[in-house]
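Student: Residue numbers (the numbering used here), protein chains in the order written: chain A, 139 to 375; chain B, 32 to 171; chain C, 15 to 323; chain D, 44 to 380. Once you've had a glance at the structure underneath, I'll fire off some questions.
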Amino acid sequence: MLEQVKDWDDDFYETFKPIAMGFVNEAEKCLQCGKCTGQCPAAAVTPSYNPRKIIRDLVYGNVKRVLSSVELWQCFFCSGCYSVCPMDINFPFFVFMFRLAAMNEGYGWEDVKQLEGYAEKSYLKDGITVSTFERNPFVMDNIGDISKIRVEAGLPPERTVSPRGIAEINMISDLSGMTAFMKQIGGVELLDCTTCTDEQAKRCKTKPMPSKVGKIKTHHRYYNYGEPGGKKNAEAR
Amino acid sequence: MRLRIDEDGIRNVVEEAIGKSLTACLQCSKCGGGCSHSEEFDLTPRQVVESLLDCQDQNVLDSRMIWLCGRHCSGCQAVCPVGLPLNDIMAVLREEALKLDIEPKYEQPSLVYHKFEHCAKHRGEGEASESMVGGETQPA
Amino acid sequence: MPRLDKVAQIPKPEQIFFFKSCVASNKYPGIEACGTESLRILGVEPVESDEQTCCGGFVTFANVAAPTASMPAVARNLSLAEEKNLDTCVVCNGCWTFLNEFGHFMNNNAEVKGSVNMMLNMMGREYKGTSHVFHIAEMYYRLKDDISKHVLRPLKGVKIATHYGCHYLGGGKYSAIDDAQMPTYMEELIDLMGGTVVPYAANRECCGTGFTQIINGKDLSLDHTQRKLDSVQEADPDMLIVQCPYCHSQLDRVQQQLNFRQGVNYQTPVLHIAQLVGMALGLPVSQLAFAAHVSGRERLENVLDRVGR
Amino acid sequence: MSKKTLVIGGGIAGITAAQKIAQNGGEVILIEKEGELGGNFAKLAYTFPVLADAKMIVTREIQTAKATSGIEILPQTELRGVSGSAGDFTVELNSPSGTRSEHVGAIIVAAGFHYMEPTAYTEYSYGRSPKVVTSLEFEKMAAENRLPKGNARVVFVHCVGSRDKAKGYRYCSKICCSYSAKHAIMMKKANPDSKAYVFYIDIRALGKGYEEFIRDAMEVYNVRYIRGRVAKVIESGSKLIVRAEDSLIGNPVEVEADLVVLASAMEPPEGSRDLAGILGIATDEYGFFQEAEVNVRPCHSSKSGIFLAGSCTQPMEIASAVAMGGLAASEALTLIR
Numbered sequence: 139m140l141e142q143v144k145d146w147d148d149d150f151y152e153t154f155k156p157i158a159m160g161f162v163n164e165a166e167k168c169l170q171c172g173k174c175t176g177q178c179p180a181a182a183v184t185p186s187y188n189p190r191k192i193i194r195d196l197v198y199g200n201v202k203r204v205l206s207s208v209e210l211w212q213c214f215f216c217s218g219c220y221s222v223c224p225m226d227i228n229f230p231f232f233v234f235m236f237r238l239a240a241m242n243e244g245y246g247w248e249d250v251k252q253l254e255g256y257a258e259k260s261y262l263k264d265g266i267t268v269s270t271f272e273r274n275p276f277v278m279d280n281i282g283d284i285s286k287i288r289v290e291a292g293l294p295p296e297r298t299v300s301p302r303g304i305a306e307i308n309m310i311s312d313l314s315g316m317t318a319f320m321k322q323i324g325g326v327e328l329l330d331c332t333t334c335t336d337e338q339a340k341r342c343k344t345k346p347m348p349s350k351v352g353k354i355k356t357h358h359r360y361y362n363y364g365e366p367g368g369k370k371n372a373e374a375r
Numbered sequence: 032m033r034l035r036i037d038e039d040g041i042r043n044v045v046e047e048a049i050g051k052s053l054t055a056c057l058q059c060s061k062c063g064g065g066c067s068h069s070e071e072f073d074l075t076p077r078q079v080v081e082s083l084l085d086c087q088d089q090n091v092l093d094s095r096m097i098w099l100c101g102r103h104c105s106g107c108q109a110v111c112p113v114g115l116p117l118n119d120i121m122a123v124l125r126e127e128a129l130k131l132d133i134e135p136k137y138e139q140p141s142l143v144y145h146k147f148e149h150c151a152k153h154r155g156e157g158e159a160s161e162s163m164v165g166g167e168t169q170p171a
Numbered sequence: 015m016p017r018l019d020k021v022a023q024i025p026k027p028e029q030i031f032f033f034k035s036c037v038a039s040n041k042y043p044g045i046e047a048c049g050t051e052s053l054r055i056l057g058v059e060p061v062e063s064d065e066q067t068c069c070g071g072f073v074t075f076a077n078v079a080a081p082t083a084s085m086p087a088v089a090r091n092l093s094l095a096e097e098k099n100l101d102t103c104v105v106c107n108g109c110w111t112f113l114n115e116f117g118h119f120m121n122n123n124a125e126v127k128g129s130v131n132m133m134l135n136m137m138g139r140e141y142k143g144t145s146h147v148f149h150i151a152e153m154y155y156r157l158k159d160d161i162s163k164h165v166l167r168p169l170k171g172v173k174i175a176t177h178y179g180c181h182y183l184g185g186g187k188y189s190a191i192d193d194a195q196m197p198t199y200m201e202e203l204i205d206l207m208g209g210t211v212v213p214y215a216a217n218r219e220c221c222g223t224g225f226t227q228i229i230n231g232k233d234l235s236l237d238h239t240q241r242k243l244d245s246v247q248e249a250d251p252d253m254l255i256v257q258c259p260y261c262h263s264q265l266d267r268v269q270q271q272l273n274f275r276q277g278v279n280y281q282t283p284v285l286h287i288a289q290l291v292g293m294a295l296g297l298p299v300s301q302l303a304f305a306a307h308v309s310g311r312e313r314l315e316n317v318l319d320r321v322g323r
Numbered sequence: 044m045s046k047k048t049l050v051i052g053g054g055i056a057g058i059t060a061a062q063k064i065a066q067n068g069g070e071v072i073l074i075e076k077e078g079e080l081g082g083n084f085a086k087l088a089y090t091f092p093v094l095a096d097a098k099m100i101v102t103r104e105i106q107t108a109k110a111t112s113g114i115e116i117l118p119q120t121e122l123r124g125v126s127g128s129a130g131d132f133t134v135e136l137n138s139p140s141g142t143r144s145e146h147v148g149a150i151i152v153a154a155g156f157h158y159m160e161p162t163a164y165t166e167y168s169y170g171r172s173p174k175v176v177t178s179l180e181f182e183k184m185a186a187e188n189r190l191p192k193g194n195a196r197v198v199f200v201h202c203v204g205s206r207d208k209a210k211g212y213r214y215c216s217k218i219c220c221s222y223s224a225k226h227a228i229m230m231k232k233a234n235p236d237s238k239a240y241v242f243y244i245d246i247r248a249l250g251k252g253y254e255e256f257i258r259d260a261m262e263v264y265n266v267r268y269i270r271g272r273v274a275k276v277i278e279s280g281s282k283l284i285v286r287a288e289d290s291l292i293g294n295p296v297e298v299e300a301d302l303v304v305l306a307s308a309m310e311p312p313e314g315s316r317d318l319a320g321i322l323g324i325a326t327d328e329y330g331f332f333q334e335a336e337v338n339v340r341p342c343h344s345s346k347s348g349i350f351l352a353g354s355c356t357q358p359m360e361i362a363s364a365v366a367m368g369g370l371a372a373s374e375a376l377t378l379i380r
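Structure, rendered in structure tokens:
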């Protein structure tokens, strides 16, 4: 893609800094040395993910490229880039803030939707993000009832959070707008396989995710930082 | 994708054929910058040379670049400050690719990312799924 | 090399607020049981509260909760410890980073702290920022003399590999007690308990969970974990020690998934440092809760046979 | 009125300054902390950008200084105290044989530099693996003929401690690009079967001969230059795995190496702040001596009568240190004559 310098938003970085609550800063110090990418676990397994390029595009104000990219959603949040950075740039926070900005532009909602259940069904309902539920049949057979193991280990059969605790985090969620946000994307059950017909089941593995998440229309994301390299995710036009 | 740098590549074949060392390349990007077709390419001439020097043969031979570049145009080699014969390099690479039965590629792949395989029910048994219906297997 | 000045700053309290982790409670109860019990043996009484909820790190990094929503949740949990006037001890790298990072942020940002407290005041709580958050591995290193005094089941001849996890050392490169690239404190603890440390090349690699990547980009995640497991298998340790329940779950469960998908055979038991310490301190086998582990159970039994049940 | 000049530091800048003053009829006391003259220059095997025998050159310069009348050389001597003002300083010199007091008209500080010990760079396995060495250790290995034999891969890492806010210094050490190229060439000359890889961020080869020197390393000696800062050096069996990004392709790369050479930064000489305290002159934020005016008075310290020469003011190559030694000598001469 031919980049047009006139498309770059020169002031983007300066305006983004205060919006990002102090989580995005020092990017202008980047030397483009590539130390981050050299140790990056995501870059080691994907052909196009590259933190260095994302920082460069942030500083140049080439926001469209960052926000519409799928690479933005490939970060592992391992903080390895921060731990080696000679300029102490905390890149994982950039990704975090960028993802919020990308969602604002309508990208990546299908990913968020996949995770929304953790908040709605586990975190806010039980106060615990990861429940005891097992789906993997092997694990179910192998481990059996987790509450039995808990009892043997001298713990109560179930870890519970008191009703007051749950009420309080729900209150926080309501007050901070998290509940409203979840309602916005919670309208459609994306991953309901219990209702799908045989015909749907056949197409299942090749069917792209729906473009609407709840009330929000999602945009396609692109491999903006390099071609997918014949990976199965890209098809010929 | 992490690349492993080795020494034995087709770099030597290319250098022999053009009678010049690829190390002369300054990596100045003048070739790609001035190219009117670079939008269609996956690699620029500069990246081809760099990849050859790193002996990333597979990357180069699998690229579209070698089939698209250096056929009806010599814009890049005209501006190259060290005079690398880029058309000849591409010709040699095409020959090498044909020797290895690599199909020519001209089509640009779609860069749209599609998310598939979202249905948990139809994955093999014994696998955890990414699905969220009713709970989860993997915590994160 | 551990930063001894940092270690010296860790107090040796009589009581500590034990922050329960979601995975440690619901998937690997041995971590929770061993964590509390081992602290008790080492002379620190863990204090629990059933009002404590999850740290909220996962939903935040899943972008479901904005920082504005997770900051009050962090403050609320920390205020529980503050009410009791205790420091906080976590068993999970994620909890550690999240409580620390957002705690610091609020402490250094009066405006945010004010608005968070406004919310907390509505439920009769207040966040002051006085409770320090310590990782249980830090506590063990601080209490290593007590550990060596109480070893009942020396891990003689047990080959142990370590995995530190990213969110403790990487994210906390200035606040962790050891160097982010060349940590050794877990090795020291293993030595102390009589085990043999097995080095392997991918020690400082990420486990591959990638917070949400195991759900959203599973192929990437498995690919990376496989690299790590390959390196571990080459070194052939009796067990792999982690200090984060998320790494634990990833490394343990993905072995089975890779075995299933690719017909390979990864069988390395994964243990949390709390379980290892619990084992050395002679806790009953049922309390180690190895029954909740997915991979390498045979090998674990074998280790138990050797060190004594 | 002819007074003596005190030259602190027996490296190439100090030796040059002493020679020039003595050759112009002045008297010099040249003190050196170590037992021998030569400083950092004497630790090198070759010079750059022209590959010449460094030992031979530095020995020749030391001989000239020793043979020049009017230079008193005091090895193992340190400055303990200074009083007085320009044209009339009283200095106190301490050596194992005792303390002595001297009257001097001018003082030239040529305290040199120190190669940073990259102990903070644990990601490069420095201090853990014996196969990760600094460039100074590489010079020693080369001199003792201990370079890897056979089909070995050697990786040179630029900017270790330089251009690094987190673990080192923010400045560029200026000479590392050139001396790494020199080392790569030395490696290739000593063992033509070996492979040399240099990981760089930018190549700072300013001026005549330098760019050509590095291009020669690439083109004639076939040293592979890869743009990207090395992220990690991991021990794996008997080999080292070097991880970095080739940022010209944009992909992470991995090289299996037998030896990793870290181009450690030039840092201010040990105890530079103490010495500045004794002399009453200013240092900069890093501990280098502060010049009065960077451009046109590079050898004036913040105190009149005390002049600076060589790499104790900023990282510099041999030629500049020699030039600065000469300039400091002429400044001192104007004062004492």
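Built from N, CA and C at the ideal position, the CB exists for glycine as well.
If you run the structure through DSSP and keep just helix, strand and coil, what is E126 of chain B?
Tutor: Here the question's residue 126 of chain B lines up with position 95 in the second sequence. Of the three classes helix, strand and coil, the one that applies to E126 of chain B here is helix, per DSSP.
Student: Do the stretch 210-223 of chain A and the stretch 37-55 of chain C touch if we need at least three Cβ pairs shorter than 8 Å?
Tutor: Taking 8 Å as the limit for Cβ pairs, the verdict is that the stretch 37-55 of chain C does not touch the stretch 210-223 of chain A.
Student: Examine chain D for any beta-carbon lying closer than 8 Å to the beta-carbon of L142 of chain B, and answer yes or no.
Tutor: Translated into the one-based positions of the second sequence, residue 142 of chain B becomes position 111. No - not a single Cβ of chain D is within 8 Å of the one on L142 of chain B.
Student: In whole angstroms, what separates the C-alpha of G40 of chain B from that of L92 of chain B?
Tutor: Counting from one through the second sequence, the residue named residue 40 of chain B turns up at place 9. Counting from one through the second sequence, the residue named residue 92 of chain B turns up at place 61. Rounded to whole angstroms, G40 of chain B to L92 of chain B spans 11 Å at the Cα level.
Student: Thinking C-alpha only, which one of B:V143, B:D119 and B:C56 is nearest G101 of chain B?
Tutor: Along the second sequence, read from residue 1 onward, the residue named residue 101 of chain B stands at position 70. Of B:V143, B:D119 and B:C56, the residue nearest in Cα terms is B:D119.
Student: Who are the Cβ neighbours of F225 of chain C in its own chain at under 6 Å, not counting the five residues just before and after it?
Tutor: Start at 1 with the first residue of the third sequence, and residue 225 of chain C comes out as number 211. Excluding sequence neighbours, F225 of chain C sits near F75.
Student: Could you round the C-beta distance between Y182 of chain C and H146 of chain C to whole angstroms and report it? I think they count as a contact, below 8 Å.
Tutor: Here residue 182 of chain C is taken as the residue at index 168 of the third sequence, counted from 1. Here residue 146 of chain C is taken as the residue at index 132 of the third sequence, counted from 1. Contact doesn't hold; Cβ gap of about 15 Å is too wide.
Student: Three-state secondary structure (DSSP) at P275 of chain A?
Tutor: Residue 275 of chain A sits at position 137 when you count from the first residue of the first sequence. Three-state result, P275 of chain A: helix.
Student: Given E327 of chain A, which residues of its chain have a CB within under 6 Å of its CB, disregarding the five upstream and five downstream residues?
Tutor: By one-based count along the first sequence, residue 327 of chain A stands at place 189. A caution first: E327 of chain A carries a pLDDT of 48, below 50, which makes its placement in the model unreliable, though a value can still be read off. Here the set comprises nothing.
Student: Would you please verify whether the beta carbon of G184 of chain C is less than 8 Å from any beta carbon of chain A?
Tutor: Counting from 1 along the third sequence, the entry for residue 184 of chain C is found at position 170. Chain A contact via Cβ: present.
Student: Please list, in chain order, all residues of the same chain as F319 of chain A whose beta carbon is under 6 Å from its beta carbon, the five residues on each side excluded.
Tutor: On the first sequence, position 181 is the one that residue 319 of chain A refers to. Around F319 of chain A: no qualifying Cβ.
Student: Could you spell out where the alpha helix (DSSP H) holding D319 of chain C opens and where it closes?
Tutor: Stepping through the third sequence from its first residue, residue 319 of chain C is reached at position 305. Per DSSP, D319 of chain C belongs to the alpha helix (DSSP H) from R311 to V321.
Student: Measuring CA to CA, which of C:G186, C:Q247 and C:A194 is closest to P213 of chain C?
Tutor: Counting from 1 along the third sequence, the entry for residue 213 of chain C is found at position 199. With distances taken between Cα atoms, P213 of chain C lies closest to C:Q247.
Student: Which term fits N362 of chain A, buried or exposed, when burial requires 16 or more other beta carbons within 10 angstroms of its beta carbon?
Tutor: By 1-based counting over the first sequence, the position of residue 362 of chain A is 224. Burial call: buried.
Student: Can you give me the C-alpha to C-alpha distance between I97 of chain B and P189 of chain A, rounded to a whole angstrom?
Tutor: Your numbering for residue 97 of chain B matches position 66 in the second sequence. Your numbering for residue 189 of chain A matches position 51 in the first sequence. Approximately 28 Å, taken between the alpha carbons.
Student: Among C:P27, C:Y260 and C:V268, which has the Cα closest to the Cα of T102 of chain C?
Tutor: Here residue 102 of chain C refers to the residue found at position 88 of the third sequence. For T102 of chain C, the nearest C-alpha among the options comes from C:P27.
Student: Shortest alpha-carbon distance to I24 of chain C belongs to which of C:S63, C:A124, C:Q257 and C:K158?
Tutor: Along the third sequence, one-based indexing puts residue 24 of chain C at 10. Ranking the options by Cα distance to I24 of chain C, first place goes to C:K158.
Student: Along chain B, which residues have their Cβ under 7 Å away from the Cβ of I51 of chain D?
Tutor: The residue you call residue 51 of chain D lines up with position 8 of the fourth sequence. Here the premise fails: no neighbours, minimum Cβ distance about 43 Å.
Student: If you count every other CB in all the chains shown that lies within 10 Å of the CB of T142 of chain D, and 16 or more means buried, which is it?
Tutor: Mapped onto the fourth sequence, residue 142 of chain D falls at position 99. Classification for T142 of chain D: exposed.
Student: Could you work out which residues of chain A lie near D73 of chain B, taking near to mean beta carbons separated by less than 7 Å?
Tutor: Against the second sequence, residue 73 of chain B aligns to sequence position 42. Going along chain A in sequence order, the residues near D73 of chain B (Cβ under 7 Å) are E365.
Student: Give me the residue from D:D96, D:E313 and D:M261 with the minimum Cα distance to Y329 of chain D.
Tutor: Here residue 329 of chain D refers to the residue found at position 286 when the fourth sequence is read from its first residue. The shortest Cα separation from Y329 of chain D among D:D96, D:E313 and D:M261 belongs to D:E313.
Student: In chain order, what are the residue ranges of uninterrupted beta strand (DSSP E) at least 3 long that sit wholly in the stretch 277-345 of chain D?
Tutor: Listed in chain order, the complete beta strand (DSSP E) runs (minimum 3 residues) inside the stretch 277-345 of chain D are 282-289, 294-300 and 302-307.
Student: Report the residue from D:A248, D:A300, D:A233 and D:Y212 whose alpha carbon sits nearest the alpha carbon of I218 of chain D.
Tutor: For the purposes of this step, residue 218 of chain D is taken as residue 175 along the fourth sequence, with counting starting at 1. Cα-wise, what sits closest to I218 of chain D is D:A248.
Student: What residues in its chain sit with their C-beta under 6 Å from that of V101 of chain D, if we drop five residues either side in the sequence?
Tutor: Residue numbering aside, residue 101 of chain D sits at position 58 when the fourth sequence is read from its first letter. Result list for V101 of chain D: G81, F84 and A85, in chain order.
Student: Compare the C-alpha of Y280 of chain C against each of C:C109, C:L290 and C:S309 and name the closest.
Tutor: Your numbering for residue 280 of chain C matches position 266 in the third sequence. Cα-wise, what sits closest to Y280 of chain C is C:S309.
Student: Measure from the alpha carbon of H12 of chain C to the alpha carbon of each residue in C:S84, C:A95 and C:G292, then state which is nearest.
Tutor: What is shown of chain C runs 15 to 323, which leaves residue 12 of chain C out entirely.
Student: Starting from L351 of chain D, trace the beta strand (DSSP E) in both directions and tell me its first and last residue.
Tutor: The count along the fourth sequence starts at 1 and reaches residue 351 of chain D at position 308. Counting along the chain, the beta strand (DSSP E) containing L351 of chain D begins and ends at I349 to L351.
Student: For T165 of chain D, return the contacting residues in chain C, with the cut-off set at a CB-CB distance below 7 Å.
Tutor: The sequence position of residue 165 of chain D within the fourth sequence is 122, counting from 1. Those are D193, Q195 and M196, listed as they occur along chain C.
Student: Can you name, in chain order, every residue of its own chain whose Cβ lies under 6 Å from the Cβ of E156 of chain B, other than the five neighbours on each side?
Tutor: The residue labelled residue 156 of chain B in the question sits at position 125 within the second sequence. Because E156 of chain B sits at a pLDDT of 40, beneath the cut-off of 50, its placement in the model cannot be relied upon, and the point is left open.
Student: List the residues of chain D that A215 of chain C touches, going by C-beta distances under 9 Å, in chain order.
Tutor: In the third sequence, residue 215 of chain C corresponds to position 201, counting from 1. By Cβ distance, chain D contributes I277, E278, S279, G280 and I284.
Student: Could you spell out the range, first to last residue, of the beta strand (DSSP E) harbouring I29 of chain C?
Tutor: On the third sequence, residue 29 of chain C is found 15 positions in, with the first residue counted as 1. The sequence as given places Gln at residue 29 of chain C; Ile does not occur at that position. That run of the beta strand (DSSP E) goes Q29 to F33.
Student: Compare the beta carbon distance of M309 of chain D and Y164 of chain D with 8 Å and say whether it is the shorter of the two.
Tutor: Against the fourth sequence, residue 309 of chain D aligns to sequence position 266. Against the fourth sequence, residue 164 of chain D aligns to sequence position 121. Their beta carbons are not under 8 Å apart, which means M309 of chain D does not touch Y164 of chain D by this criterion.
Student: With a CB to CB cut of under 7 Å and the five nearest residues on each side skipped, what residues in its chain are close to S138 of chain D?
Tutor: Counting from 1 along the fourth sequence, the entry for residue 138 of chain D is found at position 95. L117, Q119 and T120, listed in sequence order.
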